[in-house]
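**Student:** The opening position of the sequence shown corresponds to residue 61 in the working numbering, with each subsequent residue numbered one higher. Just dropping this structure here.
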Amino acid sequence: MNPTTYRVVRHDRSGEVWIFRVESDVLTGACGPMQNREIPPELSDLSYEDHPDDLDWILRAWEHFEVLTSR
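So, in structure tokens, the structure goes:
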């Protein structure tokens with residue numbers, strides 16, 4: 061079983077920082093953009109369900125995101 065991971069990413073055009081939730085190599089949620097680009101210590105506590113429409117945009121713009129870190 062693949063664990064849930066969280067990827068801190070930056071959109072190269074806007075500079076916005078987002079957190080992606082990934083389960084079994086599938087994007088299952090997104091949280092962002094993060095205020096002041098600050099990353100909270102516990103990524104699993106964030107709400108990844110608030111903006112389901114963002115997932116469509118993220119998938120369309122996938123090549124414009126750079127992974128900063130993965131946890």
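The beta-carbon is built from N, C-alpha and C at its ideal position, and this holds for glycine as well.
Would you mind reading off the limits of the alpha helix (DSSP H) that contains W117?
**Tutor:** Your numbering for residue 117 matches position 57 in the sequence shown. Residues D113 to R120.
**Student:** In its own chain, which residues sit with a C-beta less than 8 Å from the C-beta of E109, not counting the 5 before and 5 after it?
**Tutor:** As a first step, residue 109 is located in the sequence shown; it is residue number 49 there, counting from the start. Cβ within range, chain order: G89.
**Student:** Count the other CB atoms within 10 Å of the CB of G75; is the residue buried (16 or more) or exposed (fewer)?
**Tutor:** Stepping through the sequence shown from its first residue, residue 75 is reached at position 15. Result: exposed.
**Student:** Between R67 and R81, what straight-line distance do the alpha-carbon atoms span, to the nearest angstrom?
**Tutor:** Here residue 67 corresponds to residue number 7 of the sequence shown, with the count starting at 1. Here residue 81 corresponds to residue number 21 of the sequence shown, with the count starting at 1. The straight-line gap from Cα to Cα measures roughly 7 Å.
**Student:** Could you give the DSSP three-state label for L103: helix, strand or coil?
**Tutor:** Start at 1 with the first residue of the sequence shown, and residue 103 comes out as number 43. The answer is helix: DSSP assigns L103 an H, G or I state.
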